[in-house]
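Protein chains in written order, with my numbering: chain A, 1 to 113; chain H, 1 to 110; chain C, 1 to 247.
Encoded structure:
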């Protein structure tokens, strides 16, 4: 349960940034591991890539692209917060980051299916 | 658990990755059309110095960024002692750097 | 004195109050009469005066000036003298606890020492640049630095931001929103001679760089200050000094 002092949009934006970052760190070794097959065992790489034809895997990819997109768009908000003059529209910016991430990952999904 | 040096490393690696990540996402959307295959990916990347530099710098930046990010999460979640935290951060950094460099070499070398 | 009259229907509310001798503790329930224009501090005072005189709590001015009476109300940090029961009562229940992230002395009284120690650690103190023999420096109220300082100077040291902050909870060395906000006001004081010392102080392991910009401090500050913006200012200045001072 989200504790009462945390129940506001910018805390949720923090949570999204942390969870997406953690998920991406866990995904990266797998990503690198599979790509490295290109050199040694190209047929295994193709085997992995054939998986991506399944709709369930495409959905998982959509999730991954969303996590990457929200981490970069949310990260852009944080960099702007820290290095540009203060904007009072923090909640709007955080919501825009989520919207932009859905747009990008949705585009990816539509191209994938 | 961040001092100024780690903070700067975290933010500079983030700045470097902004154009790289946007490029990576654009590339994914382009490449996924019609399904993924090893042949298609390798035809684009093998022997390309541009892709090697693109993904090489991406791997270097993400190794720094991920190692520091994970360090903060580990400290804030488990209050790990600093010596152990330093060892873990270096392990994550070097591990990602090695695996990433291997992957970049695999898809861009001739 | 119509504002202290009990509600006509004799309605009461269920108030759970944290009782502790500093180690461990438990909630104790009280039925407290509801009144018009009733603040949380009124509720706590009613319990102390009518139900249990051993209840300890802290307050002074009762009008939102002194910053003494902050407590956790239904899990959120509040200045209790200016928080109306009407605004926070849920299902006719209230939970009152001492401020989060600070040791408890007794019942609702938090030990403020760590909070104020960090003001000093963050160099939240003025470093004079002149002697009494010098003329007083004229500072225009329109000077950009003065305007920046103005945005952050109305802090009443109530520690509501400190209790709201998850980074303080996760990292006991973290200086916290109030101390860093104070440091930022001094970075904008032209008369201050301690800028470099202060930038070093806020760049230590518990310094401004640990802030995750969750902005719970902004959400709960009773004086509507923006510690996150002040901390961002410190991050910017320390980042500049990172390059400047390496030459």
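The beta carbon of each residue, even a glycine, is placed where N, CA and C say it ideally should be.
- Local conformation of residue 14(C) per DSSP, three classes: As a first step, residue 14(C) must be located in the third chain, where it is residue number 14. Three-state DSSP puts residue 14(C) in a strand.
- Query: For residue 69(C) versus residue 80(C), is the C-beta distance shorter than 7 Å?
  - Reply: For the purposes of this step, residue 69(C) is identified with residue 69 of the third chain, where counting begins at 1. For the purposes of this step, residue 80(C) is identified with residue 80 of the third chain, where counting begins at 1. Their beta carbons are under 7 Å apart, which means residue 69(C) touches residue 80(C) by this criterion.
- Does any C-beta atom of chain C lie closer than 7 Å to the C-beta of residue 8(H)? Here residue 8(H) refers to the residue found at position 8 when the second chain is read from its first residue. Answer yes: the Cβ-Cβ gap between residue 8(H) and chain C drops below 7 Å somewhere.
- Could you tell me the boundaries of the beta strand (DSSP E) in which residue 27(C) lies? Position 27 of the third chain, counting from 1, holds the residue named residue 27(C). Residues 26 to 33.
- Distance CB(residue 109(C))-CB(residue 58(C)) smaller than 7 Å: Here residue 109(C) corresponds to residue number 109 of the third chain, with the count starting at 1. Here residue 58(C) corresponds to residue number 58 of the third chain, with the count starting at 1. Yes.
- From this set, 222(C), 228(C) and 46(C), which residue's C-alpha is nearest residue 160(C)'s C-alpha? In the third chain, counting from the first residue as 1, residue 160(C) sits at position 160. Ranking the options by Cα distance to residue 160(C), first place goes to 222(C).
- Item | Test: residue 89(A) CB closer than 7 Å to a CB of chain C | Residue mapping note: residue 89(A) aligns to position 89 of the first chain, counting from 1. So no, residue 89(A) is outside the interface.
- Query: Quick one: what does DSSP say residue 84(C) is sitting in, helix, strand or coil?
  - Reply: For the purposes of this step, residue 84(C) is taken as the residue at position 84 of the third chain. Residue state, collapsed to three classes: strand.
- Closer than 7 Å, CB to CB, is residue 104(A) near chain H or not? Taking the first residue of the first chain as position 1, residue 104(A) is located at position 104. Answer yes: the Cβ-Cβ gap between residue 104(A) and chain H drops below 7 Å somewhere.
- Item | Proximal residues to residue 107(H) (C-beta, below 8 Å), its chain only, five neighbours per side dropped | Here residue 107(H) corresponds to residue number 107 of the second chain, with the count starting at 1. Taken in chain order, the residues that qualify are 41, 42, 45, 46, 51 and 55.
- Item | Best match in 103(A), 45(A) and 5(A) for proximity to residue 62(A) [C-alpha to C-alpha] | For the purposes of this step, residue 62(A) is taken as the residue at position 62 of the first chain. That would be 103(A), whose Cα lies nearest to the Cα of residue 62(A).
- Task: Go ahead and pull the three-state DSSP assignment for residue 39(C).
- Result: Taking the first residue of the third chain as 1, we reach residue 39(C) at position 39. Reduced to three states, the DSSP call for residue 39(C) is strand.
- Pick from 36(H), 16(H), 88(H) and 23(H): whose alpha carbon is nearest that of residue 60(H)? In the second chain, counting from the first residue as 1, residue 60(H) sits at position 60. The residue with the shortest Cα to Cα distance from residue 60(H) is 16(H).
- As assigned by DSSP and simplified to three states, the class of residue 90(C): Counting from 1 along the third chain, the entry for residue 90(C) is found at position 90. In this structure, residue 90(C) counts as strand in the three-state DSSP scheme.
- Compare the C-beta of residue 34(H) with all C-beta atoms of chain A and state if any pair is closer than 7 Å. Counted from its first residue, the second chain places residue 34(H) at position 34. For residue 34(H), the answer is no, since every Cβ of chain A falls outside 7 Å of its Cβ.
- Query: If we cut at 7 Å on Cβ distances, does residue 212(C) have a partner in chain A?
  - Reply: In the third chain, counting from the first residue as 1, residue 212(C) sits at position 212. Yes - at least one Cβ of chain A is within 7 Å of the one on residue 212(C).
- Item | From 183(C), 207(C) and 213(C), residue whose alpha carbon lies closest to that of residue 153(C) | Position 153 of the third chain, counted from the start, is the residue given in the question as residue 153(C). Per the Cα distances, 183(C).
- Residues that residue 61(H) contacts on chain A, provided the C-beta gap is smaller than 7 Å: Reading the second chain from its first residue, position 61 is the one you call residue 61(H). Those within 7 Å of residue 61(H) in chain A number zero; the least Cβ separation is about 12 Å.
- Selection of the segment 167 to 193 of chain C by Cβ proximity to chain H, strictly under 7 Å: 170 and 171
- Task: Please classify residue 71(C): does DSSP put it in a helix, a strand, or coil?
- Result: On the third chain, residue 71(C) is found 71 positions in, with the first residue counted as 1. The answer is strand: DSSP assigns residue 71(C) an E or B state.
- Is the CB of residue 203(C) under 7 Å away from at least one CB in chain H? Working through the third chain from its first residue, we reach residue 203(C) at position 203. By this cut-off, residue 203(C) is an interface position.
- Query: Of the residues that make up the segment 62 to 83 of chain H, which ones have a beta carbon closer than 9 Å to any beta carbon in chain C?
  - Reply: 72, 75, 76, 77, 79 and 82
- Task: Return no unless some Cβ of chain C is closer than 7 Å to the Cβ of residue 4(H).
- Result: Residue 4(H) sits at position 4 when you count from the first residue of the second chain. Judged by the 7 Å Cβ criterion, residue 4(H) is in contact with chain C.
- Proximal residues of chain A, C-beta to C-beta of residue 45(C) below 7 Å: Residue 45(C) sits at position 45 when you count from the first residue of the third chain. What residue 45(C) touches in chain A: nothing, since even the nearest Cβ is about 23 Å away.
- Message: To the nearest angstrom, how far is the alpha carbon of residue 17(A) from that of residue 10(C)?
- Response: One-based indexing of the first chain puts residue 17(A) at position 17. One-based indexing of the third chain puts residue 10(C) at position 10. Cα to Cα, the separation comes out at about 49 Å.
- Query: Just how far apart, CA to CA, sit residue 30(H) and residue 111(A)?
  - Reply: Stepping through the second chain from its first residue, residue 30(H) is reached at position 30. Stepping through the first chain from its first residue, residue 111(A) is reached at position 111. If I take the Cα positions, the gap works out to 8 Å.
- Using only alpha-carbon positions, find the residue among 2(H), 3(H) and 8(H) that is nearest to residue 83(A). Start at 1 with the first residue of the first chain, and residue 83(A) comes out as number 83. If we check each option's Cα against that of residue 83(A), 8(H) comes out closest.
- At least three beta-carbon pairs within less than 8 Å, the segment 202 to 214 of chain C to the segment 128 to 146 of chain C: no
- Task: Please check if any C-beta of chain A sits within less than 7 Å of the C-beta of residue 240(C).
- Result: In the third chain, residue 240(C) corresponds to position 240, counting from 1. Answer no: the Cβ-Cβ gap between residue 240(C) and chain A never drops below 7 Å.
- Message: Distance check for residue 122(C) and residue 101(C), CA to CA, integer angstroms please.
- Response: Residue numbering aside, residue 101(C) sits at position 101 when the third chain is read from its first letter. Residue numbering aside, residue 122(C) sits at position 122 when the third chain is read from its first letter. When rounded, the distance between both Cα atoms is 18 Å.
- Distance, residue 69(H) Cα to residue 101(H) Cα: One-based indexing of the second chain puts residue 101(H) at position 101. One-based indexing of the second chain puts residue 69(H) at position 69. Whole-angstrom Cα-Cα distance: 20 Å.
- Message: By alpha-carbon positions, which one of 7(A), 105(A), 8(A) and 27(A) ends up nearest to residue 69(A)?
- Response: By one-based count along the first chain, residue 69(A) stands at place 69. For the residues 7(A), 105(A), 8(A) and 27(A), the minimum Cα distance to residue 69(A) belongs to 105(A).
- Contact set between residue 37(H) and chain A, taken where Cβ atoms lie within less than 7 Å: Position 37 of the second chain, counted from the first residue, corresponds to residue 37(H). Those are 46 and 49, listed as they occur along chain A.
- Query: Is there a Cβ from chain H that is less than 7 Å from the Cβ of residue 32(A)?
  - Reply: Taking the first chain and counting its residues from 1, the one referred to as residue 32(A) is at position 32. Residue 32(A) counts as touching chain H.
- Query: Between residue 96(H) and residue 66(H), which are expected to be in contact by the criterion C-beta below 8 Å, what is the C-beta distance as a whole number of angstroms?
  - Reply: Reading the second chain from its first residue, position 96 is the one you call residue 96(H). Reading the second chain from its first residue, position 66 is the one you call residue 66(H). With a Cβ gap of about 6 Å, residue 96(H) and residue 66(H) count as contacting.
- Query: Of all the alpha helix (DSSP H) runs that stay within the bounds of the segment 28 to 78 of chain A, which reach a length of 4 or more residues?
  - Reply: 37 to 40 and 42 to 51
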